[in-house]
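Last residue of the sequence shown: 556 (this note's numbering), numbering continuous.
Here's the structure we're looking at; comments come further down.
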Amino acid sequence: MEDSAGGASLRSGPDGKKRRVTYFYEPTIGDYYYGQGHPMKPHRIRMAHNLIVHYSLHRRMEINRPFPAGPDDIRRFHTEEYVDFLNAVTPDSISDPTYSRHLKRFNVGEDCPVFDGLFGFCQASAGGSIGAAVKLNRGDADIAINWAGGLHHAKKSEASGFCYVNDIVLGILELLKYHRDRRQNTYPVLHHKRHMSNTSKATILIRCCMATFTPGITLQFKQQLFPTLLVFTMILAVEFLFELSVELLLLKGILRVLYVDIDVHHGDGVEEAFYTTDRVMTVSFHKFGDFFPGTGHIRDVGVGNGKYYALNVPLNDGMDDESFRGLFRPIIQKVMEVYQPDAVVLQCGADSLSGDRLGCFNLSVKGHADCLRFLRSFNVPLMVLGGGGYTIRNVARCWCYETAVAVGVEPDNKLPYNEYYEYFGPDYTLHVEVGSMENLNAPRDMEKIRNMLLEQLSRLSHAPSVPFQTTPSTIQPPEEAEEDMDERPKPRIWNGDDYESDPEEDEKPLRRFSNSDVIQPTTDADMRYGEVSQDLKEVKAEEQPPAS
Numbered sequence: 009m010e011d012s013a014g015g016a017s018l019r020s021g022p023d024g025k026k027r028r029v030t031y032f033y034e035p036t037i038g039d040y041y042y043g044q045g046h047p048m049k050p051h052r053i054r055m056a057h058n059l060i061v062h063y064s065l066h067r068r069m070e071i072n073r074p075f076p077a078g079p080d081d082i083r084r085f086h087t088e089e090y091v092d093f094l095n096a097v098t099p100d101s102i103s104d105p106t107y108s109r110h111l112k113r114f115n116v117g118e119d120c121p122v123f124d125g126l127f128g129f130c131q132a133s134a135g136g137s138i139g140a141a142v143k144l145n146r147g148d149a150d151i152a153i154n155w156a157g158g159l160h161h162a163k164k165s166e167a168s169g170f171c172y173v174n175d176i177v178l179g180i181l182e183l184l185k186y187h188r189d190r191r192q193n194t195y196p197v198l199h200h201k202r203h204m205s206n207t208s209k210a211t212i213l214i215r216c217c218m219a220t221f222t223p224g225i226t227l228q229f230k231q232q233l234f235p236t237l238l239v240f241t242m243i244l245a246v247e248f249l250f251e252l253s254v255e256l257l258l259l260k261g262i263l264r265v266l267y268v269d270i271d272v273h274h275g276d277g278v279e280e281a282f283y284t285t286d287r288v289m290t291v292s293f294h295k296f297g298d299f300f301p302g303t304g305h306i307r308d309v310g311v312g313n314g315k316y317y318a319l320n321v322p323l324n325d326g327m328d329d330e331s332f333r334g335l336f337r338p339i340i341q342k343v344m345e346v347y348q349p350d351a352v353v354l355q356c357g358a359d360s361l362s363g364d365r366l367g368c369f370n371l372s373v374k375g376h377a378d379c380l381r382f383l384r385s386f387n388v389p390l391m392v393l394g395g396g397g398y399t400i401r402n403v404a405r406c407w408c409y410e411t412a413v414a415v416g417v418e419p420d421n422k423l424p425y426n427e428y429y430e431y432f433g434p435d436y437t438l439h440v441e442v443g444s445m446e447n448l449n450a451p452r453d454m455e456k457i458r459n460m461l462l463e464q465l466s467r468l469s470h471a472p473s474v475p476f477q478t479t480p481s482t483i484q485p486p487e488e489a490e491e492d493m494d495e496r497p498k499p500r501i502w503n504g505d506d507y508e509s510d511p512e513e514d515e516k517p518l519r520r521f522s523n524s525d526v527i528q529p530t531t532d533a534d535m536r537y538g539e540v541s542q543d544l545k546e547v548k549a550e551e552q553p554p555a556s
């Protein structure tokens, strides 16, 4: 059947549209504060949750309070030294000479400041994404949401772009864990190593049966031996059948994950983490050129086993709903046909919305949510994460509406009264008009980009029928020459056929965030990760933090 947006809605419930949705929310997330004048405001997550509660969307989902990710969980991707630094550093300690060297080494400073509770914030974000993966792995949900996640710029051993811990990479590694454990002959369900192969157990089982029922054995011996052999045979048979069923379940586990990023900034941290593997395909739709982080060229396709498993869709300013949909749907349709992922992770950065303080796209809330609606229609386990977004009232609108899309309802455009009602004036509506920004994405250029990417996908004729390469527990990115952090990446400009650098811009210093950069809008793993917190179903948002 067809859904209201034209996507093919596959059956997950009696009406073909219902999905089992689980939602992760940490009530203290809005208390974290990056500092005066910083555009990243975790308070936006509390505002989004407040709208979700007042629209009664929480009654249609399972609500979870994420278990904080521990240092060992975070070390599955990040280096031990970096995690230890994040765990120890405080605003009071940064003046210590011991820490000053580490601040530069780990890129912690102006864009990524040290604030009170920094590591707790990272634990909450990562814990939600890992918990979402656990829910999907167990089959407890069709869609798992963590709006505190999506921090896609964080690298293995450094912070970047307001991101410290890459919860997305940690969540994807958790999704892949079942299949990797099966390859290593361990059972996630049993939590112990296999001591005897199923073949050996089957052989012993057959011999026990033969010994029990062989006619040549005397009746007296049978009477003495039969009870013991029968009990032993039954125990062995039950264990054999149970472990065989576990093997069959793990054979159907998650072999490959598709990561889709619709943040206005390139998802560089996630792409870099999986650049050499075919078990994760990354697809990023982003502003490209003289724009942070300066990566995501259309010809960056991956290396080694990961070649052609990285897709980059470089876009220009003013991208609107129609143009975005014209690229997103055909590309993702082809990706789903060719790659056939077992799970999808969608990063819903809201800085691609019209009027964002740091963004330069012109998407409406409905245009942004159309990406989620389309991916939902494939009926593949789906993890939905937050990301960027710096006009916080529009971020709250967007993530509330996308939560409604996930559960399969269309909320009223008139906002219900809530604790932050005055933020949404003067219209007090869920949807707002987009700006009159010029769309610099010419149809001819969009067609070239679409054709180039579809050609790249055609090189992956079909998803392999054999298991992909094993993803290592600690991912080693390719060795790169040390970069000069004071030099900006060369911008690349579309010339009608390809992107090339502008020689006049090559020598300008790297531009980092400052208050003057803010564009003012015209209008403002474990079982523990899956525990349900029933009291969160009626959580009311608390008072906002000090205004920046």
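For every residue, glycine included, the Cβ atom is placed at its ideal position computed from N, Cα and C.
Can you check which of these residues, the options, is closest to residue i by C-alpha distance?
i	options	result
residue 77	50, 135, 67 and 40	135
residue 167	409, 277 and 150	277
residue 158	171, 149, 309 and 150	171
residue 127	396, 353 and 40	40
residue 350	150, 116, 133 and 93	150
residue 110	446, 92 and 124	92
residue 169	125, 123 and 300	300
residue 49	411, 402, 185 and 459	402
residue 345	467, 100 and 185	467
residue 320	460, 98 and 388	460
residue 156	148, 177, 130 and 180	130
residue 120	368, 43 and 454	43
residue 73	32, 82 and 84	32
Please state the DSSP three-state secondary structure of residue i.
i	result
residue 563	The displayed coordinates of the chain run from 9 to 556. Any statement about residue 563 would go beyond what the structure contains.
residue 101	coil
residue 391	strand
residue 368	coil
residue 437	strand
residue 34	coil
residue 116	coil
residue 178	helix
residue 356	coil
residue 426	coil
residue 168	strand
residue 141	helix
residue 447	coil
residue 27	coil
residue 154	strand
Rounded to whole angstroms, what's the CA-CA distance from residue i to residue j? Just pull it up for me.
i	j	result
residue 55	residue 140	21 Å
residue 313	residue 464	15 Å
residue 406	residue 376	8 Å
residue 67	residue 393	20 Å
residue 456	residue 332	14 Å
residue 373	residue 396	14 Å
residue 421	residue 436	9 Å
residue 309	residue 283	8 Å
residue 163	residue 247	43 Å
residue 3	residue 318	The requested residue 3 is not part of the displayed model; the chain covers only 9 to 556.
residue 105	residue 118	18 Å
residue 303	residue 398	21 Å
residue 419	residue 409	7 Å
residue 274	residue 280	11 Å
residue 325	residue 400	21 Å
residue 447	residue 180	34 Å
residue 267	residue 241	47 Å
Measure the CB-CB distance between residue i and residue j and report whether it falls below 9 Å.
i	j	result
residue 365	residue 47	yes
residue 137	residue 175	yes
residue 146	residue 415	no
residue 339	residue 462	yes
residue 305	residue 293	no
residue 357	residue 291	no
residue 51	residue 423	no
residue 59	residue 417	no
residue 378	residue 328	no
residue 449	residue 323	yes
residue 341	residue 264	no
residue 173	residue 86	yes
residue 352	residue 386	yes
residue 391	residue 184	no
residue 429	residue 404	no
residue 411	residue 71	no
Report whether the distance from the Cβ of residue i to the nearest heavy atom of the ligand ADP is below 8 Å.
i	result
residue 248	The ligand ADP is absent from the structure shown, which contains no ligand whatsoever.
- Message: To test your reading of the DSSP string, which unbroken beta strand (DSSP E) runs of 3 or more residues are found completely within the stretch 261–328?
- Response: Fully enclosed beta strand (DSSP E) runs of 3 or longer: 265–269, 288–295 and 318–323.
- Task: Would you mind listing the beta strand (DSSP E) stretches within the stretch 53–85 that are 3+ residues and don't spill past its ends, in chain order?
- Result: Considered as a whole, the stretch 53–85 harbours 70–72 as its complete beta strand (DSSP E) runs of no fewer than 3 residues, in chain order.
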